[in-house]
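Visitor: Quick one: this structure, given as structure tokens, is what I'll be asking you about.
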């Protein structure tokens, strides 16, 4: 338990995936309202729901990739749901067949904990405020009106104390609320036929470790996608005219409440086209400029996880490039301090920066793991590193060195755990060795890193063991439908026994088979006065683009003006 | 001399800077038409212009920074011009006082060569086609109609053969033209007063080394900003509705022809505002989203240097961030080959990729050096590295490590020659140690690198010696008004005796004085079929942003909708 910090309200957390469809038209469509209720009824009739049972998540159990790829519109598809329940502090998982309302599997999940629930976080308020040590600590700070104090318990992803193995453990903190307002793609069509580049791309994990070892801060290392309770959802509503143009296409989403009822939320994603006023290509030849204006199709959602807001973009351009971008904004997480500006800030805290009088923005990192299930013209792909290798040139007065490209196909998972080093450049490509383009190169898609960061925490740190994916920029795994979350499916209080670093110990073969790429988008954040009281949006991005996938520039014949299309 | 390659016409090259103003209203305004003619008349009356004398450049001699900073509107300013002439293969430099039409300085420039002229490049056509070896080589290839063969001579920036020290040396090549169409920001106002962040920012150099050691390709390592002739200019006209919105504000530019006459070109730059449909900031609190839509002011120009087109953007956002971006498009430089697609491309050339039948896109790099003359709230600045350093945490079950921020002020130039290493992260800041913000931090601007590359050529390579700036991502020098070009002022045939790598050998002190930052924006380019016959635009960028420069987020009170401003 800590003393006071700047008042922060945790209002909103997450489920793994938003569900956008209202009717079943595709095997990967999210559960419809009636389907949620079928799941509920099945569990109820089977006697699995006590009055105190809470729902952590109800998600479509995705059909096998083979089923999805074989499906054609109009065909019936098997529909099943994966359910996680919390009952008497124990976690249970279930699988329900929706058509028959039958519970196919049910059992206690041992050695793992369900995500934290809102009722656990906020339900701790009364309990914490009854603790004599808390009452005394508040009294010393001149606070006796406990109605203006709000306490909550936060989960911690990793196992820091032994009790976490078997009990539901949260780490508490209290805020004073008095006088304050707030206290914080898939397939590409070209050339006349549909071709696939990606089967699925998703945010797999979000890991935000803070860098203050003080009591009440040492536990702050959030696995924001996976650790928190279902109910309100990871994604939050978008605002027309602010987050997306008012004329965008809007998608509603459905998720589960703790009580098992589906909950519909409007505008959880938007789709819009924008014209960035840049040419898709241009060339000056003689005195004439030839070219075509570009356009961009943006699929956007926003996650608000307590204080932080993240805009999550999937930006498609007609040249076959998909740019994946994260815009970080919202309110930084802060710590109260008695330090004043009169103090020499330059010899100030090593763990943060003053951002206002009495307010320290604490150093932290953000790491997103993007799961990229490449299926370039089919499911059997290889991962190729095309290294640029310096080479000496002898007996030439004009040159003493060049670099040459030396492609190497990764045989096993450990060959494809990659870091970015500017002195050892390489290109990262997913290729289909069985499909050749007109120039006889294997068709491929390239992953192009953007500005990014890797974790520099030590490997034995309990926080880093959970967020181990952040140690490297890129990973490739052999496809396994159970491996969806880079830090494991049940990170809450876990012992780091799941996730990328664990799976890749098997060092499976990854050549000419179904493989998945995992990109780490990261940034270190030392805060500044300009980040207070709300941060200007900071964007980070990476891209994937066709490489010998098309036979020529695919945007040569775009409309000559934006009005033409 | 080489044999045939794919026909490529070099139509257009460069002078260091475009001149946008038509009348003298500011000490840094470019020369006006009448001023060009005063320069011409002064040189003519002094007897320096023989009938064969060619003008390489006529540029404003910038007044001292002290003069500019002391100037107020309406005051008269001294106007001088720097002139480079080529006469009998010798380079002469002159300085002319414009008001008095007096030649203040005139002399031969020894040990350096003026930039190459268009007349030298294209004037070589007849000479080359008279060479018996060329005629024979063309005959062997079945070409006897020399009207359909176009030959030219290209300069090479570095000294590869001894004759370059004293003679004008070009490296020739011929193209067949038969049957083909083409053969290739400153001050920030806020808080009620004007404050400076940058005195001047500019593209200082562009270095494009190719990676083919073959004859006719081993000399291809272009210093595209500095090596080529004046006349047409580095910047080329922009096309309304393609390069910039039709309603943009357009800037004309004036530069010099070889004959000394000023030449006006329309639409050499544009300025427009765009709404990227992103929030400048947003936060979901409760069920309400608060925020403000962002906008962006874009100053854009385009350089076409033979085959390549570069869009050069300076993007200003209201939060005080300046994003500097380069969009590369146009036509890749190619080499003919007898290799066919039937050949196994995967064991194909290490020096390039087939992009079409018979056409190899040759591996190459692009390096831009941006000169950033930071004057953060005044001319005396320091450069601070804020390192993120891992630190062990002992006796805490919750954590074993954090990182802390450890700021270090660079004392000398060699302390600030920087590479990006993800395992040793740091922030780069220009700060004014004499000006403190409300929180007592020195006001600063941060340089935020984007995705970039460094040269991996060997340091003794003659090409790399000229483009030595590309070995590192960032440099800081003590301000010297003569040091404007990262690879030297006269790179043509030079012996690498000028530029960043040479200046910083002096290891001058850079603390609390006038200093300049130099950012290397680079990318390696292995070509792909999608880059042919013209490349989709590929953007690279970096940004500078305020850091404890303002007292809070400066965009809190932007208009609530784009229509409001």
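Residue numbers (my numbering), protein chains in the order written: chain A, 5 to 569; chain B, 5 to 569. Cβ atoms here follow ideal geometry from the backbone N, Cα and C, with glycine treated the same way. This one's a predicted model, so the numbers in the text were calculated from it and none came from an experiment.
(1) Show which residues of chain A have a CB atom less than 9 Å away from the CB atom of residue 127/B.
(2) Beta carbon of residue 320/B, beta carbon of residue 385/B: below 8 Å?
(3) Would you kindly report the start and end of the unbroken alpha helix (DSSP H) that includes residue 442/A?
(4) On the three-pair Cβ rule with 8 Å, is the segment 555-568 of chain A touching the segment 361-378 of chain A?
(5) Going along the chain, which residues of its own chain have a beta-carbon closer than 8 Å to the beta-carbon of residue 273/B, five neighbours each way excluded?
(6) If the criterion is Cβ atoms closer than 8 Å, does the pair residue 102/A and residue 85/A meet it?
(7) Measure the C-alpha to C-alpha separation of residue 476/A and residue 460/A and round it to an integer number of angstroms.
(8) If you measure beta-carbon to beta-carbon, which residues of the segment 268-283 of chain B are closer than 8 Å to chain A?
(9) Does DSSP put residue 280/B in a helix, in a strand, or in coil?
(10) Counting C-beta neighbours from all protein chains within 10 Å, is the total for residue 246/B 16 or more, i.e. buried, or is it exposed?
(11) Spell out the partners DSSP gives residue 402/B in its beta bridges.
(12) For residue 505/B, name the three-state secondary structure that DSSP assigns.
(13) Can you give me, in chain order, the residues of the segment 414-438 of chain B that have a beta carbon less than 7 Å from any beta carbon in chain A?
(14) Beta strand (DSSP E) containing residue 522/B: first to last residue?
(15) If you check the beta carbons only, do residue 139/B and residue 409/A fall under 8 Å apart?
(16) With residue 142/B as the anchor, note down where its alpha helix (DSSP H) starts and where it stops.
(17) Leaving out the 5 sequence neighbours to the left and right, which residues in its chain are closer than 8 Å to residue 549/B when beta-carbon positions are compared?
(18) Per DSSP, what kind of secondary structure is residue 3/A in: helix, strand or coil?
(19) Would you say residue 116/B touches the ligand ZN, meaning its beta carbon is less than 7 Å from a heavy atom?
(20) Three or more beta-carbon pairs under 8 Å between the segment 306-314 of chain B and the segment 325-342 of chain B, yes or no?
(21) Determine, using beta carbons only, whether residue 285/A comes closer than 8 Å to chain B.
(22) Report yes or no: do the segment 127-146 of chain A and the segment 107-115 of chain A share at least 3 C-beta pairs separated by less than 8 Å?
(23) Would you kindly check if the distance between the Cβ of residue 456/A and the Cβ of residue 382/A is under 8 Å?
(24) Here's the rule: buried if 16 or more other CB atoms are within 10 angstroms of the residue's CB, otherwise exposed. What is residue 417/B?
(25) Taking the alpha helix (DSSP H) that residue 123/B falls in, what are its first and last residues?
(26) So, at 6 Å on beta carbons, what are the nonlocal neighbours of residue 161/A in its own chain, with the 5 sequence-adjacent residues on each side left out?
(27) Would you mind working out which of 388/A, 486/A, 423/A sits nearest residue 67/A, comparing C-alpha positions?
(28) Tell me the DSSP secondary structure of residue 186/A in three-state form.
(29) Reducing DSSP to helix, strand and coil, say where residue 26/B ends up.
(30) Quick one: which residues of the segment 518-531 of chain B get their C-beta closer than 8 Å to a C-beta of chain A? List them in chain order.
(31) Along the alpha helix (DSSP H) that carries residue 43/B, what are the first and last residues, could you check?
(32) Would you be able to state if there are at least three C-beta pairs under 8 Å between the segment 429-445 of chain A and the segment 535-542 of chain A?
(33) Which residues in chain B have a C-beta closer than 8 Å to the C-beta of residue 328/A? List them in chain order.
(34) Taking the CB atoms as reference points, tell me whether residue 128/B and residue 174/B lie closer together than 8 Å.
(35) At what residues does the beta strand (DSSP E) containing residue 481/A begin and finish?
Guide: Here's the rundown:
(1) Residues of chain A whose Cβ lies closer than 9 Å to the Cβ of residue 127/B do not exist, since the nearest Cβ in that chain is about 19 Å away.
(2) No. Outside cutoff.
(3) No alpha helix (DSSP H) holds residue 442/A; DSSP gives it neither H nor E.
(4) Taking a cut-off of 8 Å on C-beta distances, the segment 555-568 of chain A does not touch the segment 361-378 of chain A, as fewer than three cross pairs fall below it.
(5) Answer for residue 273/B: 22, 24, 239, 242, 254, 255, 257, 303, 304, 305, listed in chain order.
(6) Contact flag set, yes.
(7) If you take the alpha carbons of residue 476/A and residue 460/A, they lie about 10 Å apart.
(8) Considering only beta carbons, the part of the segment 268-283 of chain B lying closer than 8 Å to chain A consists of 276, 278, 280, 281, 282, 283, in chain order.
(9) Residue 280/B: coil per DSSP, three-state reduction.
(10) Around the Cβ of residue 246/B, a 10 Å sphere holds 16 or more other Cβ atoms; the residue is buried.
(11) According to DSSP, residue 402/B shares a beta bridge with no other residue.
(12) It is helical.
(13) From the segment 414-438 of chain B, only 423, 424, 426, 427, 429, 431 have a Cβ closer than 7 Å to chain A.
(14) Segment 519-529, the beta strand (DSSP E) holding residue 522/B.
(15) Cβ atoms of residue 139/B and residue 409/A: not closer than 8 Å.
(16) The continuous alpha helix (DSSP H) containing residue 142/B extends over residues 136-144.
(17) If the five residues before and after residue 549/B are omitted, its C-beta is found closer than 8 Å to the C-beta atoms of 323, 324, 325, 326, 449, 450, 452, all from its own chain and listed in chain order.
(18) Here chain A has residues from 5 to 569 only, and residue 3/A is not among them.
(19) Ligands are entirely absent from the displayed structure, and the ligand ZN is therefore not among its contents.
(20) These segments touch.
(21) At least one beta carbon of chain B lies nearer than 8 Å to the beta carbon of residue 285/A.
(22) Flag = no, the segment 127-146 of chain A and the segment 107-115 of chain A do not touch.
(23) Not a contact, by the Cβ cut-off of 8 Å.
(24) Residue burial is scored here from C-beta neighbours: residue 417/B has at least 16 other C-beta atoms within 10 angstroms and is therefore classed as buried.
(25) For residue 123/B, the uninterrupted alpha helix (DSSP H) run begins and ends at 122-133, by DSSP.
(26) Closer than 6 Å at the Cβ level, and outside the excluded window around residue 161/A, lie 227, 231, 470, 495.
(27) The shortest Cα separation from residue 67/A among 388/A, 486/A, 423/A belongs to 486/A.
(28) Because residue 186/A carries a pLDDT of 49, less than 50, the predicted location of this residue cannot be relied on, and the following value inherits that uncertainty. Three-state DSSP puts residue 186/A in coil, outside helix and strand.
(29) Annotation note: pLDDT 38 at residue 26/B (below 50); position unreliable, no value reported.
(30) Within the segment 518-531 of chain B, the residues whose Cβ lies closer than 8 Å to some Cβ of chain A are 528, 530, listed in chain order.
(31) Element bounds for residue 43/B: 37-49.
(32) Cβ pair count under 8 Å is below three, so no.
(33) Simply none; closest approach about 13 Å.
(34) The Cβ atoms of residue 128/B and residue 174/B sit closer than 8 Å to each other.
(35) Counting along the chain, the beta strand (DSSP E) containing residue 481/A begins and ends at 478-482.
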